[in-house]
Amino acid sequence: MTTITIEQAGKFDGQEVTIKGWLYNLRESGKLIFPIFRDGTGIIQGVCALKESPEAFEALKGLTQESSVIVTGKIRAEQRAPGGFEIGVSKIQIVQKVPESTPFPIQLKEHGVDFLLDHRHLWMRTPRQAAILRIRAEAIRSAREYMDSQGYTLTDAPMFTPAACEGTSTLFEVNYIDDEKAYLTQSGQLYAEALALALGKIYTFGPTFRAEKSKTRRHLTEFWMLEPEAAYAELPDMMNLGEGLVSAIVQGVVKNKSRELEQLKRDITKLENIKPPFPRISYEDAIDVLGKAGNPAKFGDDFGGDEETLISKNFDKPVIIHRYPTAIKAFYMQPDPDRPDLALAFDMIAPEGYGEIIGGSQRIHDYDLLLKRLKEHNLPQESFQWYLDLRRYGSVPHAGFGLGLERTVAWICGTEHIREVIPFPRMIYRVYP
RNA sequence: UCCCCGAUAGCUCAACGGUAGAGCAUUCGGCUGUUAACCGAAGGGUUGCUAGUUCGAAUCUAGCUCGGGGAGCCA
Numbered sequence: 242m243t244t245i246t247i248e249q250a251g252k253f254d255g256q257e258v259t260i261k262g263w264l265y266n267l268r269e270s271g272k273l274i275f276p277i278f279r280d281g282t283g284i285i286q287g288v289c290a291l292k293e294s295p296e297a298f299e300a301l302k303g304l305t306q307e308s309s310v311i312v313t314g315k316i317r318a319e320q321r322a323p324g325g326f327e328i329g330v331s332k333i334q335i336v337q338k339v340p341e342s343t344p345f346p347i348q349l350k351e352h353g354v355d356f357l358l359d360h361r362h363l364w365m366r367t368p369r370q371a372a373i374l375r376i377r378a379e380a381i382r383s384a385r386e387y388m389d390s391q392g393y394t395l396t397d398a399p400m401f402t403p404a405a406c407e408g409t410s411t412l413f414e415v416n417y418i419d420d421e422k423a424y425l426t427q428s429g430q431l432y433a434e435a436l437a438l439a440l441g442k443i444y445t446f447g448p449t450f451r452a453e454k455s456k457t458r459r460h461l462t463e464f465w466m467l468e469p470e471a472a473y474a475e476l477p478d479m480m481n482l483g484e485g486l487v488s489a490i491v492q493g494v495v496k497n498k499s500r501e502l503e504q505l506k507r508d509i510t511k512l513e514n515i516k517p518p519f520p521r522i523s524y525e526d527a528i529d530v531l532g533k534a535g536n537p538a539k540f541g542d543d544f545g546g547d548e549e550t551l552i553s554k555n556f557d558k559p560v561i562i563h564r565y566p567t568a569i570k571a572f573y574m575q576p577d578p579d580r581p582d583l584a585l586a587f588d589m590i591a592p593e594g595y596g597e598i599i600g601g602s603q604r605i606h607d608y609d610l611l612l613k614r615l616k617e618h619n620l621p622q623e624s625f626q627w628y629l630d631l632r633r634y635g636s637v638p639h640a641g642f643g644l645g646l647e648r649t650v651a652w653i654c655g656t657e658h659i660r661e662v663i664p665f666p667r668m669i670y671r672v673y674p
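Letter by letter, the first sequence follows residues 242 to 674 of this note's numbering.
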């Protein structure tokens, strides 16, 4: 007997096959039962008549949701079945029956967020959540494929760091050996710079941690970031790379995960449109745009969620905002030689209010300037000795950015909340399950 | 840390000062083409906690706890 996955069912029309999965739902009608099976690749309706398969009928009768089953039967095209195919159940083996006393908690109806998050380990079995996690995997695959194709080498930055990368955000402190303090990384960037000066073009990809007390649908305490860094690269190179990377991710998902996007009822035409070039506006132009829209932002203000959404509403692609005031940006960012009050930095804002998905910049490569900035920001010079070394031995202009995986995937999927696009979301006040 | 909102059956919600209710889930019964199936019946509650106002509080007030959304900060 051939064992197939549900997504392959259409190719086995008229054949007797076996499916290994779980009971997703059951509709009974006296002497006829319609069980819906899932196996992680999709769902398929089964039919079982008392007259034709009495043994299977008795086994299925009253079977509880999410009981694990191995089903054998003939696949046939059937217009009345969701998905166009159904399986005529001739034999069923119950691997484990969910007890009636403790029914599966996730029902086929609306649930509250708190309840779903408490049952995340079971919530992920629903077709929608499975589709999202498959899209996440494809986003990672296409991102890496694109970076590799551009000559970037995947390297890894450490999770434990001796000090803040940017000095602003709150860090998770870890007790290290005796008097030593260590922190969970909030960015691999500083290490990426060292690697770029060693290998030329590199990227890191891994989890990163922010102890900010952010409670919004755009924030996670633990999230994944892809951070390219390239020696001899300047701001425009990174804006081009970011544009290419985001396009490659979106097009990869559109091409290879269209079924999942349909499952999420995502408007695919909006995603098909995501190709270079992306609109680019300077920070100062963005201030003008905001002013015309009635927003009071003035030069020197940083943009919050409202401002980002307002600007992105003017475009149907991600928008790049570049050259922010030096005063509101991180200490390591290279000032514009023509306008020292502006930093050679850029952000990429996703459409539809999903916020900032990329933040990047050209880095200071001059030793004296970097030292001055460290002092201005009251950062512990001892912790940054190795970082200063990079400006002492063959320093070159270099640049990079960080792409937030979950925000990107949340935008592609059109989910209301970022917590749906990571298997086990970690947020402030939530570490279970 | 600050601002706003919420907490009632396993779940989603209603009742808004006068005996705590519905749908789903569970149990039992019915149904041969169902589509979160449907129809009938049953069980299921210290209304988040503590105090107060009142003849009477799920409902009004205060504090606390937990959660949600947002600000700040960021990807």
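Just so it is clear, CB atoms sit at the ideal spot from N, CA and C, and this is done for glycine as well.
Check: Identified DSSP bridge partners for Y432; Outcome: Answer is none; Y432 lacks a bridge partner.
Check: Rounded C-alpha distance that separates Y417 from I659; Outcome: 32 Å
Check: Beta-carbon gap between G493 and P517 smaller than 8 Å; Outcome: no
Check: Neighbourhood of P566 by C-beta distance below 8 Å, restricted to the same chain and skipping five residues each side; Outcome: Y524, F540, G541, D582, L583 and A584
Check: Y628, DSSP secondary structure in three states; Outcome: helix
Check: DSSP state of E463 mapped onto helix, strand, coil; Outcome: strand
Check: Euclidean distance between Cα positions of W364 and K350; Outcome: 12 Å
Check: Top-ranked residue by Cα proximity to L612, from Y573, K422, G596 and G635; Outcome: Y573
Check: Span of the alpha helix (DSSP H), counted from its first residue to its last, around Y670; Outcome: Where Y670 is concerned, there is no enclosing alpha helix (DSSP H), given that its DSSP letter is neither H nor E.
Check: T409 versus T343: straight-line alpha-carbon distance, rounded; Outcome: Interpretation of T409 is limited by its pLDDT of 48, a score under 50 that renders its predicted location unreliable; the figure taken from the coordinates is listed afterwards. Going from the Cα of T409 to the Cα of T343 covers about 48 Å.
Check: DSSP three-state assignment for L273, whether helix, strand or coil; Outcome: strand
Check: Pick from K272, G532, E593 and T411 that is closest to A297, judged by C-alpha positions; Outcome: K272
Check: Where K252 sits in the DSSP three-state scheme; Outcome: helix
Check: Beta-carbon spacing of L412, Q427 below 8 Å; Outcome: yes
Check: Length at least 3, wholly inside the stretch 562 to 616: the beta strand (DSSP E) runs in chain order; Outcome: 583 to 591 and 596 to 604
Check: Identified DSSP bridge partners for A640; Outcome: A471 and Q603
Check: Beta-carbon proximity list for G314, same chain, < 6 Å, skipping 5 on both sides; Outcome: I328, G329, V330 and S331
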